[in-house]
Every structure is written in C-alpha cells, then in structure tokens.
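Data first, discussion second: the structure below is written as structure tokens.
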Amino acid sequence: MKIMGTLKNKSDEVIGKVKETVGDVTGNDKLKLKGKAQKTSGKAKDKVEDVKEKASEKVNDALDDKK
C-alpha cells in the first residue's frame with residue numbers, strides 16, 4: 001500500500017506547513033515548531049518509502065537475473 005503511505009506522508013507535509021505558517025503569523029513559536037517537525041517527518045517518511053521501493057526493485061532484479 002505505497003499509495004496510502006505516500007498520501008499520509010504528503011498530508012503530514014502539508015498540515016505541517018500550514019501549522020508552521022499559522023504559528024509564524026500568530027507568533028506562536030510552539031505551533032510553528034510542531035508544524036516544522038510534522039513537515040520534516042512527512043518528508044523523511046517519504047524518503048524511507050523511496051529507499052525501500054528501490055531496494056525491493058534491486059532485489060527483484062537480482063533474483064530475476066539468476067533465473
């Protein structure tokens with residue numbers, strides 16, 4: 001279910017960006033920091049998904065070559 005994971009990660013990025021912006025505009029440093037953390041978390045999870053997918057492709061390619 002890569003699509004669901006990707007959507008969740010993108011959702012975290014967008015919601016985090018909104019929180020960060022609202023925190024910045026309102027002077028709420030705590031909300032701004034939480035938003036930045038959520039945005040960064042979404043980006044990091046997306047990168048992990050990409051790495052896992054590429055590793056899986058490499059393993060499958062290697063197994064296919066042995067046939």
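In UniProt numbering, the protein residues as written are 1 to 67.
All C-beta atoms in this analysis are idealised placements derived from N, C-alpha and C, irrespective of residue type, glycine included.
Presumed contact (8 Å Cβ cut-off) between residue i and residue j, rounded CB distance
{"i": "G35", "j": "K10", "result": "At roughly 15 Å, the Cβ-Cβ gap does not stay under 8 Å, so G35 and K10 are not in contact."}
Limits of the unbroken alpha helix (DSSP H) element including residue i
{"i": "G23", "result": "K2 to T26"}
{"i": "K66", "result": "K66 -> no alpha helix (DSSP H), and no H or E assigned at all."}
Residue i burial status per 10 Å Cβ neighbour count (16 or more: buried)
{"i": "G27", "result": "exposed"}
{"i": "D50", "result": "exposed"}
{"i": "K47", "result": "exposed"}
At what residue ranges does the UniProt region "Disordered" (33-67) contain a whole run of the beta strand (DSSP E), taking only runs of 3 or more?
Secondary structure within the UniProt region "Disordered" (33-67): not one fully enclosed beta strand (DSSP E) run of 3 or more consecutive residues is present.
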